[in-house]
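Each residue of the sequence shown is one higher than the one before, starting from 34 at the first, in the numbering used here.
Note that the Cβ used here is the ideal one computed from N, Cα and C, for glycine as well.
Notes to accompany the following structure.
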Amino acid sequence: METAVACRAAPDQGPDVFVNKAPLYKPLWGRGAFGGAVLAQALSAAQATVPAGFVADTMHCHFFIAVKPDEPLYSHVERLRDGKSIATRSVRCTQSSGGNCVFSAMLNFGRTAGRGPRMLQHQPASPVSPATVASVRGGRGGAAAALSSTSRVNADCPFESIRVRRGKPDDDDDDDGRHHQRPELQRIVQMTRAKLPSLTSTTTTTTTMTQRTRGMGGDVALHQAALAYMTDNYFLGTVPRVHKARRFSNKGLVENVVRKLDKGQQEAATHRFKMLAEEELADAASSRTAKGGAAETDMDKAASPKIEMMVSLDHAIFFHNQDEVRADDWMVMEMETPWAGQDRGLVLERIWTADGVLVATCIQEGLFRLSQDPESHL
Numbered sequence: 034m035e036t037a038v039a040c041r042a043a044p045d046q047g048p049d050v051f052v053n054k055a056p057l058y059k060p061l062w063g064r065g066a067f068g069g070a071v072l073a074q075a076l077s078a079a080q081a082t083v084p085a086g087f088v089a090d091t092m093h094c095h096f097f098i099a100v101k102p103d104e105p106l107y108s109h110v111e112r113l114r115d116g117k118s119i120a121t122r123s124v125r126c127t128q129s130s131g132g133n134c135v136f137s138a139m140l141n142f143g144r145t146a147g148r149g150p151r152m153l154q155h156q157p158a159s160p161v162s163p164a165t166v167a168s169v170r171g172g173r174g175g176a177a178a179a180l181s182s183t184s185r186v187n188a189d190c191p192f193e194s195i196r197v198r199r200g201k202p203d204d205d206d207d208d209d210g211r212h213h214q215r216p217e218l219q220r221i222v223q224m225t226r227a228k229l230p231s232l233t234s235t236t237t238t239t240t241t242m243t244q245r246t247r248g249m250g251g252d253v254a255l256h257q258a259a260l261a262y263m264t265d266n267y268f269l270g271t272v273p274r275v276h277k278a279r280r281f282s283n284k285g286l287v288e289n290v291v292r293k294l295d296k297g298q299q300e301a302a303t304h305r306f307k308m309l310a311e312e313e314l315a316d317a318a319s320s321r322t323a324k325g326g327a328a329e330t331d332m333d334k335a336a337s338p339k340i341e342m343m344v345s346l347d348h349a350i351f352f353h354n355q356d357e358v359r360a361d362d363w364m365v366m367e368m369e370t371p372w373a374g375q376d377r378g379l380v381l382e383r384i385w386t387a388d389g390v391l392v393a394t395c396i397q398e399g400l401f402r403l404s405q406d407p408e409s410h411l
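In structure tokens form, the structure reads like this:
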């Protein structure tokens with residue numbers, strides 16, 4: 034993960050311009066580089082321009098064009114404000130082909146020193162107990178087998194995740210169970226952490242669960258950049274998941290992706306998509322039966338909406354308790370979607386440490402296009 038978020042100065046491009054040190058990660062199904070990789074690059078570049086003692090408080094981002102993973106990503110930082118307690122930076126990312134802005138971000142940094150002992154404080158509780166996190170950390174309870182298919186099919190992904198459960202908030206005023214199916218009331222929970230360089234390529238999944246030979250150290254900026262990277266993990270996918278919409282079971286979409294790969298990669302990619310589709314179907318089936326519904330039939334599967342296109346439009350991160358962030362330990366992420374319509378969807382995310390400290394709140398909006406019934410155009 035350290036390499037994935039790292040950037041270096043690019044003085045030949047101008048002052049306060051930075052470029053990624055390593056190629057940007059691209060998921061198997063991605064149109065371009067992973068959005069979290071771009072977020073982390075912009076944050077790392079902005080961090081390099083603020084005085085010591087300042088940490089990121091907020092980050093508001095917009096995605097314009099799919100980022101090409103095989104081209105350098107240049108982050109142009111503008112120093113908008115350097116106050117005693119707040120520093121503000123604007124970041125504009127470009128690539129060599131065309132030079133157009135592909136991504137922009139506005140960031141506020143706060144000074145950590147000088148805060149008084151008295152302050153207003155509150156936070157929601159984590160949906161996963163510290164005991165459960167400790168069990169996963171120790172590799173107990175089938176933790177290795179619970180790794181999501183996205184973690185297993187993307188070996189070069191710098192983080193790993195476990196799907197914990199899929200449910201709803203408690204509601205004493207509605208006891209007939211019908212609201213279990215309502216998309217806006219569902220909650221999706223996963224646990225995520227950064228992979229460590231010493232373990233990502235030389236050990237098995239089970240070992241990764243039970244052995245951590247070295248951590249990422251105590252650099253708050255590094256942990257924040259890694260956290261920003263992981264906030265985009267399956268975040269926008271919350272919308273299709275609560276609607277049981279198919280992404281990886283969409284045969285036409287999968288074939289279009291595989292067709293663009295080298296022939297030597299196509300067979301492996303097809304197998305990986307099959308794993309993702311099986312997980313997608315199992316997730317929908319378990320959600321249906323857990324909520325008291327009948328098992329899903331072949332007719333139900335055929336009638337399910339199919340995602341034709343899904344892209345991020347904007348992404349906001351509000352950082353909390355920055356000194357508590359440990360990106361190389363399991364973090365709990367709870368996601369929900371209060372609204373979808375007009376080919377768009379809104380998702381909310383809260384992130385806690387293993388000990389239940391809230392460290393981030395995120396909001397994202399995305400564009401969704403469904404496969405349409407051919408007869409609807411007649």
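Helix, strand or coil at residue i according to DSSP, with G and I counted as helix
i: LEU72; result: helix
i: ALA39; result: coil
i: GLN6; result: Outside the shown range of the chain (34 to 411) lies residue 6, about which nothing can therefore be said.
i: PRO371; result: strand
i: ASP388; result: coil
i: GLY210; result: Note that GLY210 scores a pLDDT of 42, beneath 50, so its modelled location is shaky; the value from the coordinates is reported in the next line. Three-state result, GLY210: coil.
i: LYS54; result: coil
i: ALA158; result: coil
i: ALA393; result: strand
i: THR322; result: Its pLDDT being 49, under 50, THR322 is placed unreliably in this model, and the value from its coordinates should be taken loosely. Of the three classes helix, strand and coil, the one that applies to THR322 here is helix, per DSSP.
i: ASP49; result: coil
i: ASP347; result: strand
i: ALA315; result: helix
i: VAL197; result: strand
i: MET308; result: helix
i: VAL290; result: helix
Proximity of residue i and residue j at Cβ, strictly below 9 angstroms
i: PHE281; j: VAL275; result: no
i: SER345; j: LEU269; result: yes
i: MET92; j: VAL166; result: no
i: PHE352; j: LEU260; result: yes
i: ALA278; j: LEU113; result: no
i: MET343; j: PHE192; result: no
i: THR82; j: LYS54; result: no
i: ALA79; j: CYS126; result: no
i: LEU25; j: ALA146; result: Not covered by the structure: residue 25. The range shown for the chain is 34 to 411.
i: PRO418; j: PRO273; result: This structure cannot settle anything about residue 418, because the visible part of the chain is limited to 34 through 411.
i: CYS96; j: ASN133; result: In the sequence under discussion, the amino acid at residue 96 is Phe, which differs from the Cys named in the question. No.
i: GLU341; j: GLN405; result: yes
i: PRO84; j: ASP115; result: yes
Where the alpha helix (DSSP H) containing residue i begins and where it ends
i: ARG170; result: 163-170
i: THR91; result: Premise fails: THR91 lies in the beta strand (DSSP E), 87-96, not in any alpha helix (DSSP H).
i: VAL272; result: 271-275
Beta-carbon separation (whole angstroms), residue i vs residue j, contact threshold 8 angstroms
i: ASP265; j: PHE401; result: At roughly 16 angstroms, the Cβ-Cβ gap does not stay under 8 angstroms, so ASP265 and PHE401 are not in contact.
i: VAL222; j: MET366; result: 7 angstroms
i: MET364; j: GLY69; result: The Cβ separation is near 14 angstroms, so there is no contact.
i: VAL50; j: SER108; result: 7 angstroms
i: LEU381; j: GLU369; result: 5 angstroms
i: GLY149; j: VAL88; result: In fact, because the Cβ distance is near 18 angstroms, the residues do not count as touching under 8 angstroms.
i: SER77; j: ALA39; result: 7 angstroms
i: VAL100; j: VAL52; result: No, VAL100 and VAL52 are not in contact; Cβ-Cβ is about 13 angstroms, not under 8 angstroms.
i: ALA349; j: CYS94; result: 7 angstroms
i: LEU57; j: PRO102; result: 4 angstroms
i: ASP362; j: ARG226; result: 6 angstroms
i: LEU391; j: ASN354; result: 7 angstroms
Limits of the unbroken beta strand (DSSP E) element including residue i
i: PRO216; result: First-last for PRO216: undefined, no H or E at that position.
i: VAL124; result: 119-128
i: MET263; result: Counting along the chain, MET263 falls outside any beta strand (DSSP E), though it belongs to the alpha helix (DSSP H) covering 253-263.
i: THR225; result: 220-227
i: SER337; result: Neither: SER337 is in no beta strand (DSSP E) and is coded neither H nor E.
i: LEU140; result: 134-144
i: ASP115; result: 106-115
Quiz item: Between the stretch 380-397 and the stretch 155-166, do at least 3 Cβ pairs fall closer than 8 angstroms?
Solution: Yes: the two stretches touch, three or more of their Cβ pairs being nearer than 8 angstroms.
Self-check item: the stretch 251-258 contacting the stretch 353-363, beta-carbon criterion three pairs below 8 angstroms
Solution: Yes: the two stretches touch, three or more of their Cβ pairs being nearer than 8 angstroms.
Practice problem: Pair every Cβ in the stretch 369-382 with every Cβ in the stretch 142-155, then say whether three or more of these pairs are closer than 8 angstroms. | Solution: With the cut-off at 8 angstroms, the stretch 369-382 and the stretch 142-155 do not touch.
Self-check item: Sufficient close CB pairs (3 or more, under 8 angstroms) joining the stretch 57-64 to the stretch 117-124
Solution: The stretch 57-64 is not in contact with the stretch 117-124.
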